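A.B. asks:
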Amino acid sequence: MGICGNGSKLDWGDSAPGIDWVLSTAKLDHLIENAAGDLTFTAEAGMTLAQAQTILAPERLFLAIDPIYPRSATLGGLIATADTGSLRHRYGGLRDMLLGIEFVRADGQRAKAGGRVVKNVAGYDLMKLFTGSYGTLGVLTQVTLRTFPRPEALRTVLLSGDAVALAKANLAIAQSNLNPIAQDWLSSELISQSGEGQATSLALRFGNLEASVIEQVEEVRSLGQSLGLQTTVLQGEPEQAFWAVLSARLSGDANDMNSDIGADPAPEQIPSTILCKFGLLPTATGETLQLIQNWAPATQVRLHGGSGLGLLRGPVADWDREKLEKLRSHCRAHSGFMTLLEAPRSLKDQLDIWGYGGNALP
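Residue numbers for the sequence shown follow the numbering used here, so the first one is 1209 and each next one is one higher.
Rendered as structure tokens:
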């Protein structure tokens, strides 16, 4: 038996032979409790992220999650794949937001862990174990997540130019009192598709009170000028559209940007590209981005400057087994990993898509 939500990430991971039928939780989409005063949100696992954000919007709250399939991804599917996005820089990953779960075990028994309050010390922390488990531990039926106040103001600063200067800026920001909600390296191919330049860039998104955002943006602008970097500031609708385009590109919607931004790709489009999730020490992010661009210039990369986690989407023709193994070796040399999420079956069969033996279960 296979398990899925809406199926937006059904092809992530290795093949699973012997599946006779697939259990979908898509109809488990009811709201259980929106405790705005406690900043918690409880819903069935089949509710989509888009539905949850719509429910929270009148309270000026939101779930600080920005995955690459924002329209169709379900809450249960996001937890099962640990697909958080750029906002983890400020708000943490899904493991940090998940307060409680209910699930069905392999023997058919219902179980639960955690609760509906932020401070909960009851029982073993199964929530962290379930995050990223890809449905191997049970079927999620209900989740409780922490919510956050929606920022009063949002602005994004794009720094572009010399790679060495960008690395200095990334380090300086990490060591400063600045508090961006996202801090991403963007490959030249990805930034060019957004219409905001042609060069490798560092995107810094600020969300807070208006006065605080303005002050932080000016500080970054001054830093960029001192390092000889080009600075672009986005706000309002262009700022929102910029991040939506990044998500659409990484989700594989690269053929028709006149279509609905953020729409999920049709399954038949996926084999023409690969999608990798990788991570390494944050100090190696700039170097890694340059290596990827040298190996495959048409590849689109978003790499979180704070955590060192990233996503890579590139044409299948540019990524064979040898290049993927080179990328994995590079990540391992910097205490990281590389996982091949989406690719044609023929390519997945040539290598271990997870690439980690260590102390994991066989």
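Ideal placement from N, C-alpha and C gives every residue a C-beta, glycine not left out. As the structure is a prediction and not an experimental result, all values here were calculated from the model.
With distances taken between CB atoms, is the gap from Gly1369 to Ala1319 smaller than 9 Å?
C.D. replies: On the sequence shown, position 161 is the one that residue 1369 refers to. On the sequence shown, position 111 is the one that residue 1319 refers to. Going by C-beta atoms, Gly1369 is not nearer than 9 Å to Ala1319.
A.B. asks: With a cut-off of 8 Å, do at least 3 Cβ pairs link the region 1215-1235 to the region 1295-1307?
C.D. replies: No: fewer than three Cβ pairs fall under 8 Å.
A.B. asks: Taking buried to mean at least 16 other C-beta atoms within 10 Å of its own C-beta, is Lys1235 buried or exposed?
C.D. replies: In the sequence shown, residue 1235 corresponds to position 27, counting from 1. Label assigned to Lys1235: exposed.
A.B. asks: Which residue marks the beginning of the alpha helix (DSSP H) containing Pro1446, and which one marks its end?
C.D. replies: Walking along the sequence shown from the start, residue 1446 turns up at place 238. Taken as a continuous stretch (DSSP letters only), the alpha helix (DSSP H) holding Pro1446 covers 1444-1458.
A.B. asks: Identify whether Val1325 lies in helix, strand or coil by the three-state DSSP scheme.
C.D. replies: Within the sequence shown, residue 1325 is the residue found at index 117, counting from 1. Residue state, collapsed to three classes: coil.
A.B. asks: Quick one: what does DSSP say Ala1471 is sitting in, helix, strand or coil?
C.D. replies: Within the sequence shown, residue 1471 is the residue found at index 263, counting from 1. Because the pLDDT of Ala1471 is 47, which lies under 50, any placement of that residue in the model is unreliable, and the question is left without a value.
A.B. asks: Just curious, the beta strand (DSSP E) that His1512 is in, first and last residue?
C.D. replies: One-based indexing of the sequence shown puts residue 1512 at position 304. Note, His1512: beta strand (DSSP E), 1508-1512.
A.B. asks: Are the Cβ atoms of Thr1289 and Gly1254 separated by less than 9 Å?
C.D. replies: Here residue 1289 refers to the residue found at position 81 when the sequence shown is read from its first residue. Here residue 1254 refers to the residue found at position 46 when the sequence shown is read from its first residue. No, the Cβ-Cβ distance between Thr1289 and Gly1254 is not below 9 Å.
A.B. asks: Using 8 Å as the Cβ pair cut-off and three pairs as the minimum, do the region 1530-1541 and the region 1488-1505 touch?
C.D. replies: Yes, the region 1530-1541 is in contact with the region 1488-1505.
A.B. asks: In the DSSP assignment, find the alpha helix (DSSP H) that holds Val1421 and state where it starts and stops.
C.D. replies: Residue numbering aside, residue 1421 sits at position 213 when the sequence shown is read from its first letter. Looking at the DSSP string, the run of the alpha helix (DSSP H) that includes Val1421 is 1418-1434.
A.B. asks: Checking the sheet assignment: what are the DSSP bridge partners for Val1365?
C.D. replies: Within the sequence shown, the letter at position 157 stands for residue 1365. Paired residues: Leu1412, Val1441.
A.B. asks: Between Ile1211, Phe1486, Leu1394, Ala1452, which has its C-alpha nearest Gln1508's C-alpha?
C.D. replies: For the purposes of this step, residue 1508 is taken as residue 300 along the sequence shown, with counting starting at 1. Among Ile1211, Phe1486, Leu1394, Ala1452, the Cα nearest to that of Gln1508 belongs to Leu1394.
A.B. asks: Assess contact between the region 1479-1491 and the region 1350-1357, defined as three or more Cβ pairs (one per stretch) separated by less than 8 Å. Is contact present?
C.D. replies: Verdict: no, contact absent.
A.B. asks: What would DSSP say about Met1255, mapped onto helix, strand or coil?
C.D. replies: In the sequence shown, counting from the first residue as 1, residue 1255 sits at position 47. Three-state result, Met1255: coil.
A.B. asks: Are the region 1241-1260 and the region 1339-1356 in contact at 8 Å, needing three or more beta carbon pairs?
C.D. replies: Yes: the two stretches touch, three or more of their Cβ pairs being nearer than 8 Å.
A.B. asks: Taking the beta strand (DSSP E) that Met1546 falls in, what are its first and last residues?
C.D. replies: Indexing the sequence shown from 1 puts residue 1546 at position 338. Here the beta strand (DSSP E) through Met1546 covers 1545-1550.
A.B. asks: For Gln1350, which beta-bridge partners are listed by DSSP?
C.D. replies: Walking along the sequence shown from the start, residue 1350 turns up at place 142. Looking at the DSSP assignment, Gln1350 forms a beta bridge with Glu1252, Glu1310.
A.B. asks: Taking all protein chains shown into account, decide if Asn1378 is buried (16 or more other Cβ within 10 angstroms of its Cβ) or exposed.
C.D. replies: For the purposes of this step, residue 1378 is taken as the residue at position 170 of the sequence shown. Buried.
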